[in-house]
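In the working numbering, the protein residues as written are 661 to 913.
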């Protein structure tokens with residue numbers, strides 16, 4: 661059985677002391693690929709460096725909405741250079757975050773739109789971060805006209821899921837699906853077709869049950885797959901097969 665963690669942050673300091681054993685545990689758990697996601701230029705470069713070192717690691721580059729206020733024209737030019745690296749498979753994570761607003765909304769919207777335009781120009785999939793900004797995210801996506809990608813750590817309702825799926829995006833599920841009170845996420849899992857589902861850890865954040873409260877890591881993505889299998893009432897192996905193939909199709913890995 662093969663699994664792919666489509667959204668990890670092994671490029672963050674939380675993994676500095678034990679990166680090698682973390683990657684080895686992932687391999688032992690059946691992971692065949694891990695996509696490390698950039699949130700700014702520094703973390704994007706780190707993701708690329710790791711991908712060069714480890715054959716089963718891949719990278720993305722982009723400005724997270726929290727970092728949008730740091731992205732000037734020169735930074736976007738440097739981002740374009742990172743996107744041309746052989747092991748960079750997507751632009752992300754990008755989007756809007758109205759829950760914390762560490763960057764002003766207007767700047768988030770501008771930088772999100774600019775990055776979508778770059779993705780369209782380079783024909784790269786995008787990894788979208790959407791927190792309490794559903795309508796604005798969809799409006800900017802439609803305005804730019806680029807819908808190859810995934811809504812990571814999906815937290816919207818069924819109406820939002822329908823809109824995302826209708827545009828052609830994938831929906832990615834994290835360890836939140838294992839939380840006792842996350843019935844809304846389990847409803848989305850039941851609703852989403854198998855050919856549009858991805859799984860991720862978003863590590864070091866959002867560790868699934870039974871590891872909740874600990875640092876998350878790619879090996880724990882198995883618990884996400886298990887809960888999806890339980891909700892959909894199909895074999896774990898089928899969830900692994902579908903989500904792995906979906907990841908390969910989207911990211912070309």
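Just so it is clear, CB atoms sit at the ideal spot from N, CA and C, and this is done for glycine as well.
Residue 823 - DSSP class collapsed to helix/strand/coil: helix
Where do the ends of the alpha helix (DSSP H) carrying residue 707 lie? 701-713
Distance, Cα to Cα, residue 731 vs residue 717? 26 Å
Boundaries of the alpha helix (DSSP H) in which residue 810 is found, first to last residue: Not the alpha helix (DSSP H): residue 810 falls in the beta strand (DSSP E), residues 809-811.
Check whether the stretch 818-826 and the stretch 754-766 are in contact - that is, three or more C-beta pairs closer than 8 Å. no
Between the stretch 862-869 and the stretch 834-842, do at least 3 Cβ pairs fall closer than 8 Å? yes
Can you say whether residue 747 is buried or exposed, counting buried as having 16 or more other CB atoms within 10 angstroms of its CB? buried
Tell me whether the beta-carbon of residue 751 lies closer than 8 Å to the beta-carbon of residue 743. yes
Expressed to the nearest angstrom, what Euclidean distance is found between the alpha-carbon atoms of residue 815 and residue 790? 8 Å
Pairwise C-alpha distance: residue 704 and residue 671: 8 Å
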